[in-house]
Amino acid sequence: MKRTAQVAILMATYNGERFLPVQLDSILNQEFEDWVLLVSDDGSTDRTREILLQYQKRYPNKIQILEKEKPTGSAKKNFLFLTHQAKDYPYLMYCDQDDFWKPEKVRLTLEKMKEIENGSAEIPCLVHTDLEVVDQNLHMISPSFFRFSGLQAERCALNQLLIQNIVTGCTMMINHALWELAAASVDEGQVLMHDWWFALIAAAVGRIGFIGQPLILYRQHGKNSVGAKDVYSVEAVTTQMTKYKANHNALLSAMLQAGMLLSILDQKLSVQNREMLRAFSQAAQAGKMKRISVSIQYGIWKNGLIKKVAQLVYY
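Given below as structure tokens:
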């Protein structure tokens, strides 16, 4: 797709009529104006597509609707489709249909991107931010998604990200150097989520920057694809300690994802990272004690005592 702006904002939609106009208006009100919004609808049956067409008619130079042969069936695959279509843009941002972007979001994110690139745009870079967690009416639940979810922005080394993602896609910007690796042909079934996949690439061979200021109102309404979960709630602790099969399979999936990362980056990796990815991915076929040994050797642990204990149990 031919470049028409410095920043391409990628929005995946599906039955989002209720909150979509507010989100579109918040993007149109950005302080930084050199952007274009690329939207891929995934077969909505409500008024989502009608709303998008109305906005496109009003803002033909800012909003483009991308067509595909059939729905992808998931937000992850829809975002990966969008990513492949945006090859000519220097910077890509990712956007959900139901949030609210603060006016300074694009400007500050791009400034941080330029800072971590430090004049070297050929280095794969990713920037993400904190979020303000709100209810369906945009009333605050928590001023910080990171505190609410028990995440730590500094846990962005590859060994830490292999087992626990801290990057929320709707806050993320990647540069073209990262796009070139992110757009590589992969088994999409082994990519757990697009934001996690991009974060792993950046941690392995590039740089990750974080803005502690929340630049988005992260709306929780019961139908979020992922959503924010209070890590200190009884429900969260119970889930960590009781759902054996789901959590065991999630750990195995993280190991398979590591194997795919190794296959696409290979010689771009440091010797240590290559060895770690090989050991962690091969642990998917090994026994419990081998998995624990690999985690100890390379420091592949989730954050927090409860999650570490759960990790040991589900191995």
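Residue numbers for the sequence shown follow the working numbering, so the first one is 211 and each next one is one higher. No residue lacks a Cβ here, since even glycine has one placed at the ideal position from N, Cα and C.
Relative to the alpha-carbon of E364, which residue among V344, D340, I351, Q346 has its alpha-carbon at the smallest distance?
Looking at the Cα atoms, D340 is the closest of the given residues.
Could you check what DSSP says for P270 in three-state terms: helix, strand or coil?
Three-state result, P270: coil.
Check each candidate in D251, N375, L391, N239 and name the one with the smallest Cα separation from P334.
Selected option, being the one with the closest Cα: L391.
Shortest alpha-carbon distance to Q423 belongs to which of E314, Q240, E485, F291?
Per the Cα distances, E314.
Closest by CA to S406, which one among K278, P231, K286?
Here residue 406 turns out to be Trp, not Ser, going by the sequence shown. Here the closest residue by C-alpha is K286.
Would you say the stretch 397 to 405 touches the stretch 305 to 322, given that touching needs at least three Cβ pairs under 8 Å?
The stretch 397 to 405 is not in contact with the stretch 305 to 322.
Count the other CB atoms within 10 Å of the CB of I506; is the residue buried (16 or more) or exposed (fewer)?
Counting Cβ neighbours within 10 Å, I506 comes out exposed, since fewer than 16 surround it.
Whose CA, out of G497, G283, D252, L487, lies closest to the CA of L368?
That would be L487, whose Cα lies nearest to the Cα of L368.
Once you ignore the five residues that flank L479 on each side, which residues in its own chain have a CB closer than 8 Å to its CB?
The answer, listed in chain order, is A414, V415, L472, L487.
Could you pull the DSSP bridge partners for L302 from this structure?
Answer is A218, I384.
Along the chain, where does the beta strand (DSSP E) that runs through F242 open and close?
No beta strand (DSSP E) contains F242, which DSSP labels as neither H nor E.
Measuring straight from C-alpha to C-alpha, what distance separates E241 and R484?
Straight-line Cα distance between these residues: approximately 42 Å.
Using C-beta distances below 6 Å, list every residue in its chain close to H386, excluding the 5 sequence neighbours before and after it, in chain order.
P300, listed in sequence order.
Using the beta-carbon count (16 or more within 10 Å), is H431 buried or exposed?
H431 comes out exposed.
So, do the stretch 344 to 353 and the stretch 266 to 285 have three or more beta carbon pairs nearer to each other than 8 Å?
Verdict: no, contact absent.
Taking buried to mean at least 16 other C-beta atoms within 10 Å of its own C-beta, is A454 buried or exposed?
Note that residue 454 corresponds to Tyr in the displayed sequence, not to Ala. Burial call: exposed.
Rounded to a whole number of angstroms, what is the C-alpha to C-alpha distance between C305 and C380?
So the two alpha carbons sit approximately 5 Å from each other.
Closest to N459 by CA distance: which of L371, A520, I418 is it?
Checked all of L371, A520, I418; the closest Cα to N459 is A520.
Using CA coordinates, which residue listed in N239, P231, F358 is at the minimum distance from V316?
When each option's Cα is compared against that of V316, the closest is N239.
Please classify L263 as buried or exposed, where buried requires at least 16 other C-beta atoms within 10 Å of its C-beta.
Exposed.
Going by CA-CA distance only, name the one from N347, Q216, N375 that's closest to D308.
Measuring from the Cα of D308, the nearest candidate turns out to be N347.
Which same chain residues end up closer than 7 Å to Q370 when comparing Cβ atoms and leaving out the 5 residues on each side of it in sequence?
Correct list: empty, nothing qualifies.
What span of residues does the beta strand (DSSP E) with Y508 cover, start to end?
No beta strand (DSSP E) holds Y508; the alpha helix (DSSP H) holding it covers 498 to 508.
Do D256 and T223 count as a contact pair if the criterion is CB distance below 8 Å?
Not a contact, by the Cβ cut-off of 8 Å.
L427 bridges to which residues according to DSSP?
F310, E342, per the DSSP bridge assignment.
Please go through the same chain and pick out, in chain order, the residues whose beta-carbon is closer than 7 Å to the beta-carbon of V232, but skip the five residues on each side of it.
Once the five neighbours on either side are set aside, the close Cβ partners of V232 are F310.
Going along the chain, which residues of its own chain have a beta-carbon closer than 7 Å to the beta-carbon of A409, five neighbours each way excluded?
Here the set comprises L336, L371, N375, V377, I418.
According to DSSP, is D256 part of a helix, a strand, or is it coil?
Reduced to three states, the DSSP call for D256 is coil.
What's the call for V217, buried or exposed, on a 16-neighbour Cβ count within 10 Å?
When all chains shown are included, V217 counts as buried.
Please state whether DSSP places G360 in a helix, a strand or coil.
Here G360 sits in coil by DSSP.
Let's test the definition: count the other Cβ atoms within 10 Å of the Cβ of E327 and tell me whether it reaches 16, buried, or not, exposed.
It counts as buried.
Reducing DSSP to helix, strand and coil, say where I275 ends up.
Here I275 sits in strand by DSSP.
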